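Enquirer: Numbering (our numbering), first residue to last: 64 to 445.
(1) Under 8 Å, do residue 293 and residue 263 count as touching if we go by C-beta distance?
(2) Run through the DSSP bridge pairs and tell me what residue 225 is partnered with.
(3) So is residue 351 buried or exposed if we call it buried at 16+ other beta carbons inside 10 Å?
(4) Helix, strand or coil, according to DSSP, for residue 231 in the structure here?
(5) Within 10 angstroms of the Cβ of residue 267, are there 16 or more other Cβ atoms? Answer buried if so, exposed if not.
(6) Count the other C-beta atoms from every protein chain shown that fall within 10 angstroms of the C-beta of residue 330, then say buried if there are 16 or more, exposed otherwise.
(7) Please classify residue 439: is it buried, with 16 or more other beta-carbons within 10 angstroms of its beta-carbon, or exposed?
(8) According to DSSP, is residue 219 part of a helix, a strand, or is it coil?
(9) Would you mind sorting residue 407 into buried or exposed? The rule is 16 or more other CB atoms within 10 Å of its CB.
(10) Please state whether the Cβ-Cβ distance between residue 10 and residue 261 is less than 8 Å.
(11) Rounded to the nearest angstrom, what separates residue 291 and residue 270 at their Cα positions?
(12) Which partner residues does residue 260 have in the DSSP bridge list?
(13) Between which two residues does the alpha helix (DSSP H) containing residue 440 stretch?
(14) In terms of residues, what are the limits of the alpha helix (DSSP H) holding residue 330?
(15) Tell me which residue opens and which closes the alpha helix (DSSP H) that residue 360 is part of.
(16) Sort 343, 347 and 327 by Cα distance to residue 336 and report the nearest one.
(17) Inspect the beta-carbon positions of residue 243 and residue 225 and report whether they are closer than 8 Å.
(18) Using the rule of at least 16 other Cβ atoms within 10 Å of the residue's Cβ for burial, across every protein chain shown, is residue 388 buried or exposed?
(19) Rounded to whole angstroms, what's the CA-CA distance from residue 311 to residue 321? Just pull it up for me.
(20) Going by alpha carbons, who is nearest to residue 353 out of 373, 334 and 296?
(21) Once the 5 residues before and after residue 385 are set aside, which same chain residues still bring their CB inside 8 Å of it?
(22) To the nearest angstrom, how far is it from the Cα of residue 218 to the Cα of residue 241?
(23) Rounded to whole angstroms, what's the CA-CA distance from residue 176 to residue 169? Just pull it up for me.
(24) Could you tell me the distance, in whole angstroms, from the CA atom of residue 281 to the CA atom of residue 272?
(25) How would you label residue 410, buried or exposed, when you count the other beta carbons within 10 angstroms and need 16 or more for buried?
(26) Across which residues does DSSP place residue 298 in a beta bridge pair?
(27) Are there 16 or more other CB atoms within 10 angstroms of the CB of residue 248, so buried, or fewer, so exposed?
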């Protein structure tokens, strides 16, 4: 048995977006205005479901699934916006995983079979990989024939909980062997995704005005009107600004604790009170100095205690956190080679002492008639 991984372009059926990127100084606000005002692009405008800015700053026209003739639309948009703007279609790629094939199947056989089944895929390298089956234990035993096709389908949530997968030797009154799948009881909780924001630095006012002035009817009850209005504002923001990448929260320093957090809040409050006080400012500044001194004292005590805990942990785990801290400090520092001759001589004598064996060897080499050493025989080697 063998398996293959194939990838091909979905063509017009899979094209879902048109990317417009300016080359020189063209204004992005003119692009949606020209596209909507051209009567030849009515079909393209009707298929546009959303306009947004990508991370590179280009405009992305997202199309509905019913949109057809994408290549013709790209040519029409390119002719309308001019040569200074680059227009291209974002084509989706479909991936096929094929299995239960003969081991003598070649890439040419797969390529010709897929071309007949899918039409002309317009891709000479449609077959990405071809490999033999990984399984070694047969799942199907029927007479003198065996088959090694061991597959288990599960959703993404269930697949994350799989801890063991194996074939059983129990009798099942069937030619197929049973598969035992062990799942974990506790489900993994996904962290809530941070809310999406827009990058204000990439804001284009002209594009925002064109998008917000789009002919959209807002009617119905108050709740529905508010929902449509927020959708219109979000649509305009997507068209005029790029989405910002959420940043991960920075972890606190090793000496931080709840007492220091409480003292820091009190110190900041005392500082603000002292800066804004109009009466008895000297008294408020004295309170601020006392709060700041208490905060610094708590930080020093916390650092001292953390150092003591780190030193005591060396006996419990020599290769734990203390070892990692030292190695991280030393791995980026190249130790300079010693150049002092007396120091180098002392190092060599310490590492390679002149022991009794070395002295005896030197004395043997210095003799005129050294002692005869018998040759090594095969029996000694055995």
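Glycine included, every Cβ here is placed at the ideal spot set by N, Cα and C. Keep in mind that this is a model prediction, so the values were computed, not measured.
Expert: According to the structure data:
(1) No, Cβ-Cβ distance for residue 293 and residue 263 is not below 8 Å.
(2) DSSP, once it has assigned bridges, lists 246 as partnering residue 225.
(3) The Cβ neighbour count for residue 351, taken over all protein chains shown within 10 Å, is at least 16; the residue is labelled buried.
(4) Under the three-state reduction of DSSP output, residue 231 falls in the coil class, being neither helix nor strand.
(5) It counts as buried.
(6) Per the 10 Å Cβ criterion, buried.
(7) Label assigned to residue 439: exposed.
(8) Assigned with DSSP and collapsed to three states, residue 219 falls in helix.
(9) When all chains shown are included, residue 407 counts as exposed.
(10) The structure shown does not extend to residue 10, since the chain is modelled only from 64 through 445, so no value can be given for it.
(11) Roughly 20 Å separates the two Cα atoms.
(12) For residue 260, the beta-bridge partners assigned by DSSP are 307.
(13) Residue 440 -> no alpha helix (DSSP H), and no H or E assigned at all.
(14) Per DSSP, residue 330 is one residue of the alpha helix (DSSP H) stretching across 321-339.
(15) Residues 344-379.
(16) Nearest C-alpha to residue 336: 347.
(17) By the CB criterion at 8 Å, residue 243 and residue 225 fall outside the cutoff.
(18) Residue 388 comes out exposed.
(19) The C-alpha of residue 311 lies about 22 Å from the C-alpha of residue 321.
(20) Closest by alpha carbon: 334.
(21) If the five residues before and after residue 385 are omitted, its C-beta is found closer than 8 Å to the C-beta atoms of 373, 374, 376 and 377, all from its own chain and listed in chain order.
(22) In this model, residue 218 and residue 241 are separated by some 20 Å (Cα to Cα).
(23) Residue 176 and residue 169 have their alpha carbons spaced roughly 11 Å apart.
(24) Spanning the two alpha carbons is a distance of roughly 17 Å.
(25) Answer is exposed; the Cβ neighbour count stays below 16.
(26) Answer is none; residue 298 lacks a bridge partner.
(27) By the 10 Å Cβ count, residue 248 comes out exposed.
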